[in-house]
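In what follows, a single structure is set out as structure tokens and then discussed.
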Amino acid sequence: MALPSALETQRPSAPGARADAACAPPSAAVDAAADPASGPTGPATPVGPGSISALSDEDLSRLRVVPARHPGRVVLAVVVTLLVALVAWSFATNPRWEWGVVAQWFFAESIIRGLLETLRLTALAGAVGFGLGLVLALMRLSPSSLVSGVAWTFSWVFRSTPMLVQLLLWYNLGYLYERVTLGIPLTDVTFVDARTSDLMTPMLAAVLGLGLHQAAYAAELIRGGILSVDQGQLEAASALGLPARDRSLRIVLPQAMRAILPSAFNEVIGLVKGTSIVYVLAHAELFFTVQLIYGRTQQVLPMLLVATLWYVVITSLLSIGQYYIERHYAKGALRTLPPTPLQRLRAGLRGRGARPTTTSAREGASA
Amino acid sequence: MSTATAPAAAPGATSSTTHAAPRGGLVEIRGVRKSFGDLEVLRGIDLTVRPGEVTAILGPSGSGKSTLLRTINHLEPVDSGLVTLDGEVIGYRRQGDLLHELSEKEVLRQRTRIGMVFQSFNLFAHRTALANITEAPRRALGVPKAQAEARARELLALVGLEDRAGAYPRQLSGGQQQRVAIARALALDPSVLLFDEPTSALDPELVEEVLAVIRGLASAGTTLVIVTHEISFARDVADTVVFMDHGRIVEQGPPSQVIDAPAHERTRSFLQRVRSGGPEAPDATVEHSPVGHGPVGPDSATSPTAAPEDHR
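Take a look at the structure:
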């Protein structure tokens, strides 16, 4: 800033240099400096219409920015707020929702037991799904066509069969294969021999059905993430002599996580609610429990609301987790991480009255 | 390596120190051929890189020079021919006329003796500069963490980046990233260091800081093989200059011969074009060679093989 303004104050007293000044300020400066008559503080008359050449440092420091107005946004915000208020009002005041019943059952022991069962199912099916999915994704990327073919076939079969059919097939496996025997083929040695229907509990059928189904989807999702990592990373890791395991797990996967995580959380959240399909196996997770209760009390809507609210709670917690996990894996992908909502809040409270935007930006950079 | 000095000043200053250094490896390439589909990119390459020597490989895009470099550490397996490092065949175990493909573990062990620096740096984006350097010693050689980190800090100091140990690659300039990449390649104490156009992705003003580091290595006695478009740098630092075209070595020899008095028409026309910032090497605009600036006859200077590239 200092240089141009220093030039400009000199220019008016060297009128011959004006034409040059427009296209070549440095040479104009030389001209002006060479002219002994040009004082350092000439009158601040502009060179041409709209020219800023005569502005002094004080003039520049007086300039203020007036933020642009967005009338459309204000109108939209008012309309949306009104609509939300209307919906909230109807929720709160319509007696058919029977909020009293919701409150009465929300923390009931049977509901909590069902909720825990839903969480357990989600965790187990998620672990099976993403664990097997990772293996399948790495298999799909194998140079061996046999290995990648096996992985492809798995995904093909489990993505092609409806989830409901898979659950019922697993649960009724005893009808297809009466006994499960584990031993050495062609000898009499057996380690396990049991009736299939004794082994196949609703829980096991549910975990297998949900987990294998999830694995087929997770495999494609993880494969997509791996493919998004630059080939040069793998090449550099190979050139450095890193073992295959380290190349995959320490170099490629952590970078693939950025691409994988948003969709993976989509899948997990889908899985939380997807567990409700297990009611067909009469397994007492949240949704089945709710059904049992309203079958008895006939308070269908409030009981569905109880289940829904719990799903909302779980999804919200997962979303918060997603934010922080994604932030962790953004390390190195962004020059500076944006501040977390908490950091922004803290910065906002501390810097109240000052200039909130710059304060929070600085907080974020230093955090 | 810690004895490496700042930019070597005079051309040819390296040759006096090279042969005394015990650390450099001997690379021999015999009859190497390589095809990608129908395209034969290497058509029988013979090249010897003596211990501690600096070899610069020049040539137009698509001449096979990068592929040749990548055969040396088996990133690109050859179709026929042999590459050896200190007499040990790369990628295979030779038993009479039989070549047994090495297991991946053995190939990885061989690679730890051959460092490589890439055109696009390929630093691990999710790791700090320090962690990029310690990764291979720790995971491939099992060096304890504290020892690997101490060595990494030495190497960062060697490339002039001791204060950026905690920075992620994206927080570094291109020249700084490439210097970290060089430090990373050095962390395994390789006997050969391969450079694949190390300055081609850099802004002109960042090129020199990387070349200065490479000059320092050249005088420290590691065997260096450098694919480059920097003609004046090649002349300064190389003991041998190799000119490649269409998968063959057109000529090789000391820079005073290949660069200053090329015997082949093809070499001459290429050097001409690179110096004038012509279409053969659009990324070589930083070349400021005082030699051979006059225009060459339009038809006589262009060999038939170069003709298609003129119209790109």
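These protein sequence lines are chains A and B, in that order.
When you read off a place in the first sequence, starting at 1, and then add 667, the result is the number in the numbering used here.
When you read off a place in the second sequence, starting at 1, and then add 139, the result is the number in the numbering used here.
The C-beta atom is built at its ideal place from N, Cα and C for all residues, glycine as well.
What do you get for residue i, buried or exposed, if any count of 16 or more other CB atoms within 10 angstroms of its CB means buried?
{"i": "F858 of chain A", "result": "exposed"}
{"i": "T267 of chain B", "result": "buried"}
{"i": "H880 of chain A", "result": "buried"}
{"i": "G163 of chain B", "result": "buried"}
{"i": "N261 of chain B", "result": "buried"}
{"i": "H950 of chain A", "result": "buried"}
{"i": "R1017 of chain A", "result": "exposed"}
{"i": "L782 of chain A", "result": "buried"}
{"i": "F954 of chain A", "result": "buried"}
{"i": "L849 of chain A", "result": "exposed"}
{"i": "V732 of chain A", "result": "exposed"}
{"i": "I987 of chain A", "result": "exposed"}
{"i": "A744 of chain A", "result": "exposed"}
{"i": "S905 of chain A", "result": "buried"}
{"i": "T868 of chain A", "result": "exposed"}
{"i": "W756 of chain A", "result": "exposed"}
{"i": "D375 of chain B", "result": "buried"}
{"i": "A270 of chain B", "result": "buried"}
{"i": "G355 of chain B", "result": "buried"}
{"i": "W823 of chain A", "result": "exposed"}
Taking only the alpha-carbon atoms, compute the straight-line gap between residue i and residue j and give it to the nearest angstrom.
{"i": "D177 of chain B", "j": "G386 of chain B", "result": "13 Å"}
{"i": "S728 of chain A", "j": "P1006 of chain A", "result": "30 Å"}
{"i": "V741 of chain A", "j": "P734 of chain A", "result": "14 Å"}
{"i": "A285 of chain B", "j": "A926 of chain A", "result": "33 Å"}
{"i": "V754 of chain A", "j": "W766 of chain A", "result": "15 Å"}
{"i": "Q989 of chain A", "j": "D865 of chain A", "result": "39 Å"}
{"i": "L241 of chain B", "j": "R252 of chain B", "result": "16 Å"}
{"i": "I211 of chain B", "j": "A359 of chain B", "result": "21 Å"}
{"i": "P429 of chain B", "j": "F409 of chain B", "result": "The predicted model places P429 of chain B with a pLDDT of 41, which falls under 50 and marks its position as unreliable; any figure quoted below should be read in that light. Rounded to whole angstroms, P429 of chain B to F409 of chain B spans 16 Å at the Cα level."}
{"i": "R172 of chain B", "j": "E227 of chain B", "result": "19 Å"}
{"i": "L907 of chain A", "j": "A324 of chain B", "result": "7 Å"}
{"i": "L831 of chain A", "j": "G876 of chain A", "result": "8 Å"}
{"i": "A373 of chain B", "j": "D913 of chain A", "result": "36 Å"}
{"i": "V1038 of chain A", "j": "A886 of chain A", "result": "Absent from the model: residue 1038 of chain A. The displayed extent of chain A is 668 to 1034, so no value can be given."}
{"i": "V346 of chain B", "j": "L311 of chain B", "result": "15 Å"}
{"i": "E419 of chain B", "j": "A320 of chain B", "result": "Only weak support exists for where E419 of chain B lies, its pLDDT of 46 falling under 50; the coordinates are left without a value."}
{"i": "R250 of chain B", "j": "V217 of chain B", "result": "16 Å"}
{"i": "P283 of chain B", "j": "E404 of chain B", "result": "54 Å"}
Residues in its own chain within less than 6 Å of residue i by CB, not counting five upstream and five downstream?
{"i": "E801 of chain A", "result": "At residue 801 of chain A the sequence reads Leu, which differs from the Glu that was named. Once the five neighbours on either side are set aside, the close Cβ partners of L801 of chain A are I889."}
{"i": "H213 of chain B", "result": "I229, G230 and V246"}
{"i": "I365 of chain B", "result": "A195 and F334"}
{"i": "L238 of chain B", "result": "Y231"}
{"i": "G170 of chain B", "result": "G183 and G220"}
{"i": "A923 of chain A", "result": "G892, I893 and V896"}
{"i": "V751 of chain A", "result": "none"}
Please go through the same chain and pick out, in chain order, the residues whose beta-carbon is closer than 7 Å to the beta-carbon of residue i, but skip the five residues on each side of it.
{"i": "V919 of chain A", "result": "I893, V896, Q900 and L901"}
{"i": "R278 of chain B", "result": "none"}
{"i": "P161 of chain B", "result": "Caution is warranted here: a pLDDT of 48 is assigned to P161 of chain B, below 50, making its placement in the model unreliable, and the coordinate value is therefore given only provisionally. Same-chain partners within the cutoff: there are none."}
{"i": "W977 of chain A", "result": "L782 and L953"}
{"i": "A402 of chain B", "result": "E390"}
Do residue i and the ligand GDP come close, with the Cβ less than 7 Å from some heavy atom?
{"i": "A270 of chain B", "result": "Because no ligand of any kind appears in the structure shown, any question about the ligand GDP cannot be addressed here."}
Identify the contact partners of residue i in chain A, using a Cβ-Cβ distance below 9 Å as the criterion.
{"i": "F257 of chain B", "result": "G899, E902, A903 and A906"}
{"i": "R309 of chain B", "result": "G999, A1000, L1001 and R1002"}
{"i": "L327 of chain B", "result": "L907 and G908"}
For residue i, which residues in chain B fall below 8 Å Cβ to Cβ?
{"i": "L813 of chain A", "result": "The premise fails here: L813 of chain A is roughly 18 Å from chain B at the closest Cβ pair, so nothing lies under 8 Å."}
What is the C-beta distance between residue i and residue j, in whole angstroms, given that I count them as a contact (C-beta under 8 Å)?
{"i": "V389 of chain B", "j": "T361 of chain B", "result": "Their Cβ separation, rounded to whole angstroms, is 27 Å, which puts V389 of chain B and T361 of chain B out of contact at 8 Å."}
{"i": "V795 of chain A", "j": "M806 of chain A", "result": "16 Å between Cβ atoms; not a contact."}
{"i": "I196 of chain B", "j": "L208 of chain B", "result": "7 Å"}
{"i": "V939 of chain A", "j": "T820 of chain A", "result": "Contact flag wrong, Cβ pair sits at about 29 Å."}
{"i": "V874 of chain A", "j": "T863 of chain A", "result": "Between T863 of chain A and V874 of chain A the Cβ distance is about 16 Å, and since that is not below 8 Å, they are no contact."}
{"i": "R290 of chain B", "j": "A326 of chain B", "result": "6 Å"}
{"i": "W764 of chain A", "j": "L971 of chain A", "result": "Going by Cβ atoms, the distance from W764 of chain A to L971 of chain A rounds to 10 Å, so no, they are not a contact pair."}
{"i": "A974 of chain A", "j": "V947 of chain A", "result": "That belief does not hold up - the Cβ atoms of A974 of chain A and V947 of chain A are roughly 16 Å apart, past 8 Å."}
{"i": "M383 of chain B", "j": "K204 of chain B", "result": "5 Å"}
Residue i touches chain A at which residues, Cβ-Cβ below 7 Å?
{"i": "A264 of chain B", "result": "Q922, G999 and A1000"}
{"i": "Q315 of chain B", "result": "The contacting residues do not exist; Q315 of chain B stays about 14 Å from chain A at best."}
{"i": "L214 of chain B", "result": "E902, S905 and A906"}
What does residue i reach in chain B if we use C-beta pairs closer than 9 Å?
{"i": "I918 of chain A", "result": "F263, H265, R266 and E274"}
Cβ closer than 7 Å: which chain B residues qualify as neighbours of residue i?
{"i": "D913 of chain A", "result": "R278"}
Kindly list, in the order they appear in chain A, the residues whose Cβ is closer than 8 Å to that of residue i.
{"i": "R250 of chain B", "result": "S905, A906, L907 and G908"}
If I measure Cβ to Cβ from residue i and keep anything under 8 Å in the same chain, skipping five residues before and after, which residues do I get?
{"i": "G299 of chain B", "result": "R318, E348 and V352"}
{"i": "A997 of chain A", "result": "R925 and L1004"}
{"i": "L749 of chain A", "result": "none"}
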